[in-house]
Amino acid sequence: MNDTQAAVHHHVAPQGFIRKYVFSLDHKVIGLQYYGLALLAVFIGMVLSWLMRLHLGWASLPIPGLHFLSANGAPGNIMTPEYYLSLMTMHGTIMVFFVLTNAPFAGFGNYFLPIQVGAADMAFPRFNMMSFWVTFTAFIVFMLAFFVGDGPPLAGWTAYTPLSSVGGTSGPGEATGQTLWAISIALFCVGQLLGSLNFITTTLDLRTKGMTLARMPLSTWAWFVTACIGLLAFADLLPACILLILDRAFGTSFFNPAGMVVSDQLLKYSGGSPLLWQHLFWFFGHPEVYIAIIPGFGIVSHILCANTRKPLLGGTRVMIGCIIALGFLSYMVWGHHMFVSGLNPFSALLFSVPTLIITIPSTVAVLMWVGSVYGAKLRFNTASLFCLGFISVFISGGISGFFLAQPSTDIFLHATYFVVAHFHFVMAVAAIFGIFAATYFWMPKMIGRMMNETLGKWHFWLTFIGVYCIFMPMHYLGLAANVRRYSAFTDDFLIPLIPVHKFITIAALLTGAAQLIFLWNLFYARFWGPKAPDNPWEATSLEWSTPSSPPPFDNFGGKQIEVFHDAYQYGGAGAKDYVMQTDPASVPAD
Amino acid sequence: MSETHAGTHAALMEASPFGIQSKKLAMWLFIASDAVTFGAVLFGYSFLRVGSLDWSYPFKFSPSIINAFIMTVILLTSSLTMLAGVFAAKAGNKARCLAWMGVTMLLGAIFAILHLREWFHMFDEGWGLFKNPLGGSADFGAGFFGITGLHLTHVVSGVIALAVVALGYNSGRLDKNHVETTSLYWHFVDFVWMFVFPIVYLMNAAR
Amino acid sequence: MASEREPGFKFYVGIWIVMICIAGLEVILTYQHLPGRTFVGALLILAFVEGGIAIMYFMHMKYESPNLFWTLVPITIFVLFMLDHIWPDALRLARMNMFR
Amino acid sequence: MGGKAFAVVLTIITLLSAYFIVAHTWWLPADISTTGPAIDRQMDETMWEAGILFLAGQLVLALFCWQYGDKPGSKIKHWPGGPKPVVAFGIIIVGLEVVALSLLGSKAWGAIYMTPAASDAIHVDVQAEQFAFFFRYAGPDGKFGAVHPELINDASGNYFGLDPRNDEAARDDIVVGSLTIPVNKPILLTLHSKDMIHDFFVPELRIQQDIVPGLEIPVHFTATKTGRWEIVCTQLCGLGHYQMKAYLQVLPQDQFDEWLKQQSGD
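Protein sequences, first through last, are from chains F, C, D and Z. Mapping of the first sequence onto the working numbering: residues 31 to 620, in sequence order. Mapping of the second sequence onto the working numbering: residues 3 to 209, in sequence order. Mapping of the third sequence onto the working numbering: residues 4 to 103, in sequence order. Mapping of the fourth sequence onto the working numbering: residues 488 to 753, in sequence order.
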């Protein structure tokens with residue numbers, strides 16, 4: 031029966047630059063391509079956030095050269111309110127889609143999922159290649175928005191209708207920019223669907239001998255579950271974007287109610303509803319949050335074990351349970367983004383219960399992590415520091431979820447900086463910390479060279495303290511009813527808060543600057559770093575049993591590998607306190 | 003790739019939990035996600051319909067409903083002929099399989115033609131993506147043309163896919179499994195229509 | 004291999020006839036002037052039966068390993084079922100419409 | 488080394504973060520509504536439970552990092568009692584919290600959104616547009632004129648699209664740019680929007696409600712203090728979003744009647 035699995039990947043190593051590095055079928059190259067795209071995107075997004083923060087701190091401050099980016103967006107280098115909103119939209123979309131989805135899931139997933147299950151490549155290398163290039167096209171289309179007529183859209187990354195659906199009359203950037211946004215996101219969905227198909231099929235069908243589902247590393251599990259979520263979530267955003275395009279380009283009114291009057295013009299729409307867009311969007315939007323964070327769960331658990339030198343508390347089972355529970359819950363709670371948006375008050379209560387229940391698997395996961403630090407021989411290399419940072423940041427961000435999960439408190443905090451702080455902590459920063467941890471942990475394998483630990487530690491300390499300086503005060507702003515998505519604070523109750531914004535801005539600039547250390551570290555390592563051994567961290571999973579760093583084209587050099595136990599056989603007494611997955615021996619008892 | 007390689011490779015792998023080919027599994031997964039896509043559109047359309055105060059019921063029994071019923075029968079029949087093709091392929095009777103696939107494509111084409119014919123009738127009556135000659139909510143047009151358009155796209159791409167697979171199968175580049183996998187997609191197109199027919203046609207019939 | 008348990012082609016002809024009958028039944032129902040909810044309910048039930056038959060027989064789900072069914076179908080249905088959260092708002096849309 | 492440093496830094500961050508909460512350095516503005524206290528209580532209860540979890544989580548993490556660095560000769564210790572009690576602990580503690588919060592919270596929520604407005608509530612019609620709020624009082628006849636979107640015209644000041652010529656209910660409607668209400672009197676707002684989604688947010692009232700085009704969303708409240716507060720839009724509605732605001736003027740009953748008389752006068 032197994033001949034049915036005889037998968038595609040008996041392809042020979044390609045020759046020629048194009049086939050090797052550009053239109054490559056090799057999952058490792060594609061993984062690096064995704065990572066590179068995310069890296070480019072994250073720095074663009076970061077610069078955007080710098081500009082936004084500067085504007086929030088000093089609204090009338092000229093930013094040298096800004097008018098080159100947009101002449102009418104920043105006349106005399108001073109950002110206009112609408113251009114602030116455009117930058118905010120671009121920042122949000124870039125970060126959520128092209129960074130938080132691409133790097134931890136598509137990037138590292140592509141590179142390591144096949145290796146960790148002992149496969150030579152993804153199940154469908156061609157789909158894999160398509161998936162990246164479609165995503166890349168989406169990115170290009172999206173970036174075009176900066177250069178079209180009236181600039182990027184200003185409807186926010188959630189593109190709430192009717193602001194996003196009635197076209198140019200509703201505001202600058204809504205003419206062409208928003209259409210580009212919709213097209214780009216639709217393409218992105220297609221790319222991710224192809225990717226998810228590949229991930230799921232590879233995980234289920236291409237596991238090497240002995241690699242039962244229970245023995246898969248937690249990172250693989252996380253990527254697998256993420257793929258399952260993405261498969262259905264992006265399938266929901268895709269039609270939503272198509273309907274949005276229909277509304278914008280063909281005058282349908284799915285999301286536009288009757289009797290809308292924009293600039294004294296009665297618009298010819300009838301019978302649509304903005305709530306429909308919000309439902310369709312958030313039905314994707316909440317799972318998307320988990321697509322961003324769940325790979326972090328897996329990566330952190332994986333790296334933490336290698337650095338605590340002991341298996342995770344509760345073994346892999348509890349963590350897998352948490353991840354799967356989160357996966358299911360992610361589809362039951364999207365309404366908590368809409369408590370005050372005209373949602374039926376009854377469904378608000380209905381949504382708030384599963385939302386609060388999310389805290390249970392999250393708490394259990396945190397307890398497992400913290401519990402496995404107990405009694406460990408914790409190695410404080412950069413990777414493990416970022417793991418610990420992840421846990422701390424995830425706690426902080428998760429806690430504020432309690433407030434937003436309840437309609438009664440959300441009614442005050444809904445559109446305030448409290449929300450900004452919450453999702454930046456729990457989704458953005460936590461996921462980014464996961465990415466950093468993975469980078470410091472896996473780069474030796476991916477580029478074959480070690481990264482500099484000292485620089486890495488500097489990077490960690492500055493980033494860790496920095497993010498707390500940026501986002502912790504945002505909670506306080508939120509409690510003081512500081513409304514988000516304001517490009518300037520002119521209301522009486524907001525003016526006293528501007529100093530806090532100045533502080534946050536400075537913190538953001540410094541933290542952003544600290545990322546340059548990381549960038550330099552990465553590039554230095556890539557070209558001049560010391561050669562990496564095959565298993566620098568004394569870790570056990572399959573990616574460390576590849577014959578070289580980076581692994582050969584078919585990952586294991588034609589050697590057929592067999593797996594004998596799960597990926598976390600640490601904690602033995604003696605010099606070699608771990609057992610590779612490929613090693614029949616069992617871990618020596620202490 | 004060579005069977006021998008397949009053999010050796012397989013022996014050294016964990017069994018797939020489903021015991022089916024990777025590409026068949028991938029097709030199933032695609033079908034699941036596509037089901038959600040259609041689901042989302044149908045839910046959206048129903049949402050607007052439930053919320054609408056002036057919905058219009060344009061479909062007369064003749065010709066619309068009759069036409070839609072005929073289309074349903076055609077699509078169901080095409081599924082049957084597709085099955086016949088798969089049976090033939092499994093029995094190793096290539097010529098027979100290709101013939102049945104041909105019939106399936108033909109039926110698919112007829113379905114598309116009938117569909118477009120109906121569309122143009124409606125355009126003549128003044129229907130459109132945002133036009134409603136009966137004066138009610140324009141969302142009927144948007145929903146109807148949106149959903150059936152999405153479905154029609156699936157039908158057409160299905161016909162094309164069948165053609166490609168048939169050629170490949172004929173030239174021996176593809177095997178019976180490809181035929182079976184493609185058949186899954188074709189049946190799914192049929193499956194979707196089983197929801198489109200009642201929800202979009204019958205529920206809008208002038209009663 | 005699963006396909007041994009699979010019935011012959013005649014069986015599928017039977018299935019085909021059944022499905023056409025269901026479609027016909029739906030059309031007949033349409034003109035029985037049933038109350039709205041009953042009509043919608045009946046149509047949906049029939050649609051699900053018909054779709055189920057298509058999945059189980061035309062698409063051979065019944066003759067694949069049960070794992071496949073128990074993995075794909077419940078999850079997909081669960082996700083789509085969750086979308087039912089939108090109905091309270093759809094009703095609200097009608098009740099609170101500005102131009103009532 | 489790294490471990491101890493991390494522990495110290497994390498502890499400092501944690502205590503500092505907690506300090507500003509405990510000290511209420513930045514806090515919710517004083518409440519001026521009858522439904523607000525319930526929300527504030529809910530906020531405090533959540534803050535207590537969340538705060539304890541926050542401190543516990545961060546400090547325990549710090550403690551372990553301080554203690555269990557990779558020292559030569561140190562031995563691996565496993566959690567005493569294994570994972571089961573930990574998992575159970577997590578599920579029970581957080582589970583109880585979930586139950587408690589959702590029970591308490593639903594009350595506060597229901598008081599605002601799931602109870603009808605008092606029968607003697609003063610009815611004010613609110614129209615939001617890019618980028619302003621307009622408020623309409625029914626006038627002496629107590630009836631609102633119908634809204635005709637095609638007649639809406641900011642240039643001529645017909646913000647609600649009223650048709651006084653054919654619709655006498657509309658003739659005495661009072662349209663003003665700021666919300667003036669009497670103190671201690673239930674108020675019923677009907678929120679609707681002319682163009683985009685806007686939001687009616689008065690932090691002091693603890694009321695935040697999106698204003699969705701095509702829908703008429705009722706909101707009711709009772710102000711308990713006289714004074715002047717800001718009404719701001721919290722739903723991104725376009726380039727002027729940040730300066731879209733109006734004022735809430737809460738007057739003693741007699742002054743309010745006075746004001747209303749003047750308005751209907753001219």
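For every residue, glycine included, the Cβ atom is placed at its ideal position computed from N, Cα and C.
Burial is judged here by how many other beta carbons sit within 10 angstroms of a residue's own beta carbon; Z/N640 has fewer than 16 and is exposed. Cβ contact annotation for Z/L666 (same chain, cutoff 6 Å, sequence separation greater than five): F622 and L735, in chain order.
Secondary structure at F/N286: coil, using DSSP grouped into helix, strand and coil. By the Cβ test, the region 267-283 of chain F is not in contact with the region 231-249 of chain F, since fewer than three Cβ pairs between them sit closer than 8 Å.
Among the bridge pairs identified by DSSP, Z/F687 is matched with Z/Q696. If you keep only unbroken alpha helix (DSSP H) runs of at least 4 residues inside the region 515-601 of chain F, you get 528-558. By the criterion of a C-beta distance shorter than 6 Å, F/F128 is surrounded in its chain by A71 and F169, once the five residues flanking it on both sides are discounted. F/R49 carries a helical assignment under DSSP once its states are collapsed to helix, strand and coil.
The contact set of D/M59 on chain Z, defined by CB atoms closer than 9 Å, is empty, because the minimum CB distance reaches about 38 Å. For F/L408, the pairing in a beta bridge is given by DSSP as Z/G556. Assigned with DSSP and collapsed to three states, F/D180 falls in coil, not helix or strand. With fewer than 16 other Cβ atoms inside 10 Å of its own Cβ, Z/L502 counts as exposed. Contact of D/W19 with chain C is assigned, a C-beta pair being separated by under 7 Å. Nearest CB-CB separation between C/G46 and chain F: below the 7 Å threshold. Between Z/Y555 and F/A413, the CB-CB gap reaches or exceeds 7 Å.
The distance from the Cβ of Z/T709 to that of Z/T521 is about 4 Å, consistent with a contact at the 8 Å cut-off.
Nearest neighbour of D/V52 by Cα position, chosen from D/F42, D/G39 and D/I25, turns out to be D/I25. Inter-segment contact for the region 522-538 of chain F and the region 496-505 of chain F is present: three or more beta-carbon pairs are separated by less than 8 Å. Among the residues facing chain D, Z/H685 is not included, as its CB has no counterpart in that chain under 7 Å away. For the options F/W364, F/A511 and F/P92, the alpha carbon positioned closest to that of Z/W514 is the one of F/A511. Residue state for Z/R715 is assigned as strand, using DSSP reduced to three classes. Judged by DSSP secondary structure, Z/Q742 falls within the alpha helix (DSSP H) whose first and last residues are Q740 to G752.
With contacts defined by Cβ atoms closer than 7 Å, F/P192 and Z/M683 form a contacting pair. For C/T155, the closest Cβ of chain F is not nearer than 7 Å. Between the region 160-170 of chain C and the region 22-41 of chain C, the count of Cβ pairs shorter than 8 Å is below three; the stretches do not touch. Z/G568 is outside the set of residues whose beta carbon lies under 7 Å from a beta carbon in chain D. In the three-state scheme derived from DSSP, where H, G and I count as helix and E and B as strand, Z/I661 is classed as strand. For a cut-off of 8 Å, the C-beta gap from C/M84 to C/H189 is around 7 Å, short enough to register as a contact. Residue pairing by DSSP places Z/P673 opposite Z/T709 in a beta bridge. For the region 111-129 of chain F, the beta-carbon criterion of a distance under 7 Å to any beta-carbon of chain Z is satisfied by P111, E112 and L115. For Z/Y624, the enclosing beta strand (DSSP E) has its first and last residue at A619 to Y624. Counting other Cβ atoms within 10 Å of its Cβ, Z/R652 stays below 16 and is therefore classed as exposed.
CA-CA distance, C/F142 to F/F135, rounds to 39 Å. Sequence-distant Cβ neighbours of F/F424 in its own chain, meaning closer than 6 Å and more than five residues away, are A460. Nearest neighbour of F/F162 by Cα position, chosen from F/P92, F/G87 and F/Q63, turns out to be F/Q63. At the C-beta level, D/A97 and C/M196 stay beyond 7 Å of one another.
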